[in-house]
Structure formats: C-alpha cells, structure tokens
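Residue numbers (the numbering used here): 29 to 319.
Printed below as a string of structure tokens:
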C-alpha cells in the first residue's frame, strides 16, 4: 500500500470506512457489514470485512465493486467447520489469499483457503471449547500470521495474553501477558488487537487500559521466529519498571499497522524466545495505517 490510506471497521456504522490523507471524513467501501469487527486489505486493495452480526467474512472487490462471502455462512452461526460465531479480527495471507479468522465465540482461529467451503482450526480447540491451558483460547479477538513461516499470533483477550502457535503445532506458547488482569507492563486488560511492524516489533492494543504496548527488539533479535520447529516451551519475562500513563482512545479494528510513539515508558524485560523490551505507547486515537 502507499501509506496514505486508513481503513477502519466502524462497528456502530456497520461498515468499513476509508480515509485518504487530508480527508475530513471517511468514505464507506463495500456494502453493509453488520457489527463489523475486523478489516484487512490485500495487495490488490480488495477489502475483507468480518461481520460478527452475520457470522461471516466478506470480500469487497475494488475492481468490480462486488461483495462475496469468503468465510462462514451468512446468518448461520455454529461451531461446525463451515460456520463461524461472532468473528472479529481477520488476516489475509498476501501470497495465497488464505483468510485467517479470530472466531471469537468459538474460541479458535480458523483458516479458510481461497474458495474453500470449510475452515480449518489452526489455534484453539476445533470443538469451540474455551480454556486457559496452552491448547485453548478464550475469546480470541485478533490474529496475525507470518506469510513465510505460517506461524500464528493471537490476541487471547479473555486470558489476557498473546499466544504464538508454530506451524502445525497442537498448542501455543505465551509471548506476552498471561500474568493476570492489570495495568502493569507485564499485564493486559482485554488485549483486542495486535500487529507487527517491518522490524519485527510487536504492538498490542490493550483495550480497558486505554493504551498500546510495544514489544521492542533487543540485540537485533526479532520477535518473529526463524524456523517452524514445533515448540511447547513457555517463555517467562520480568519487568523492572511499573510506571504507566493512560489516555482516552477510540477503538477501531483495522488493517496492517504502523505507529509513531507519542509518549513512552520503557522497562527492561527478557524472554527465552524473544529478547524484547516492553514499551507503552500512549495514543490519543487508536488506528492502524496501511503500509
């Protein structure tokens, strides 16, 4: 993308809106998206929209102005492989067109390959049962996938953690949070969205705490994995700083992100998998820009 456009899923308007640089208001793209909770844009600028109210994911073609269903069955919710239940965050593989869906009420991440009639569970339990163990998710609200390694990252909102599922793994490992609900730099209170930047830094939208947490590189060791070897190890992290700041934010679920910190609080942290510092980034309005 050209870095001049923002796409936002506006739940109250049941629509996705597009803002170009300098615009005073957004323009709706695609048709109605009832309880629109997620948006993603592919290389051809087709817009994918998750409708929690209709239990499906739509694709709007920028070339034809036609909207089609690419995941789930419209107005049919369920836990079977062809169904979704209140889908939220979505991610589109830029190479294959595969759509990954945070199937919120079914406590799982579903992968829908191009033109597929059914989804495949790649994180969480396919039966829809929620939980807090490493095989389970509880109310996942966002998903991000490495197109090369197919490693899946999940904002596991009810468990207050970010989970990583290696390719074909039967369980995930915690890379951030997981230490209860709170406002410390090692905690979340309903993490609802996550994104990586081009340097491998991780950004997490911490909803109730009204902040964005950034997990920054140490010693040039990326957050992203360098292999797809299955691992079940759970990393640990420590923090030496507890200072925080908050600001009011407007929450929107949107596409690929870049963020410029306005104010930050840093603390030293270590992880057996990531070697990161944690930085709290305070933003007056939470949006994710298209790059």
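Even glycine gets a Cβ: it sits at the ideal position worked out from N, Cα and C.
Report back the beta-carbon spacing between residue i and residue j to the nearest angstrom; my notes put them in contact at under 8 Å.
i, j, result
"residue 127", "residue 76", "6 Å"
"residue 61", "residue 36", "Contact flag wrong, Cβ pair sits at about 12 Å."
"residue 83", "residue 56", "Contact doesn't hold; Cβ gap of about 21 Å is too wide."
"residue 169", "residue 132", "6 Å"
"residue 116", "residue 80", "6 Å"
"residue 243", "residue 172", "About 13 Å; that fails the 8 Å criterion."
"residue 125", "residue 138", "Rounded, the Cβ-Cβ distance is 15 Å, inconsistent with contact."
"residue 136", "residue 149", "5 Å"
"residue 118", "residue 68", "5 Å"
"residue 64", "residue 52", "Wrong, their Cβ atoms sit about 22 Å apart, outside the cutoff."
"residue 165", "residue 158", "7 Å"
Note the first and the last residue of the continuous beta strand (DSSP E) segment covering residue i.
i, result
"residue 199", "Run containing residue 199: none; DSSP gives neither H nor E here."
"residue 222", "219–224"
"residue 56", "55–57"
"residue 45", "43–48"
Just mark residue i as buried or exposed, buried being the case when its beta carbon has 16 or more other beta carbons within 10 Å.
i, result
"residue 161", "exposed"
"residue 71", "exposed"
"residue 191", "buried"
"residue 234", "buried"
"residue 201", "buried"
"residue 203", "buried"
"residue 91", "exposed"
"residue 98", "buried"
"residue 152", "buried"
"residue 49", "exposed"
"residue 123", "exposed"
"residue 329", "Outside the shown range of the chain (29 to 319) lies residue 329, about which nothing can therefore be said."
"residue 45", "buried"
"residue 221", "buried"
"residue 198", "exposed"
"residue 58", "buried"
"residue 103", "exposed"
"residue 134", "buried"
"residue 184", "buried"
"residue 210", "exposed"
Run through DSSP, which three-state label would residue i get?
i, result
"residue 185", "helix"
"residue 227", "coil"
"residue 174", "coil"
"residue 234", "strand"
"residue 275", "The predicted position of residue 275 is uncertain, since its pLDDT is 36 and thus under 50; no value can be drawn from it."
"residue 37", "strand"
"residue 192", "strand"
"residue 212", "coil"
"residue 160", "coil"
"residue 207", "coil"
"residue 241", "strand"
"residue 180", "strand"
"residue 166", "coil"
"residue 283", "For residue 283, the pLDDT reaches just 41, beneath the cut-off of 50, and the residue's location in the model is therefore unreliable, although a value from the coordinates is still provided. Looking at residue 283 - three-state DSSP - the assignment turns out to be coil, as it is neither helix nor strand."
Of all Cβ atoms in chain C, is any one closer than 8 Å to the Cβ of residue i?
i, result
"residue 72", "The structure shown has no chain C; it contains just one protein chain."
Item to check | Within the stretch 121–155, ranges of the beta strand (DSSP E) (whole runs, at least 3 residues) | outcome: 127–131, 136–140 and 148–152
Identify every run of the beta strand (DSSP E) within the stretch 51–125, keeping only runs that are complete inside it and at least 3 residues long; order them along the chain.
55–57, 64–69, 75–79, 84–88, 95–100 and 115–120
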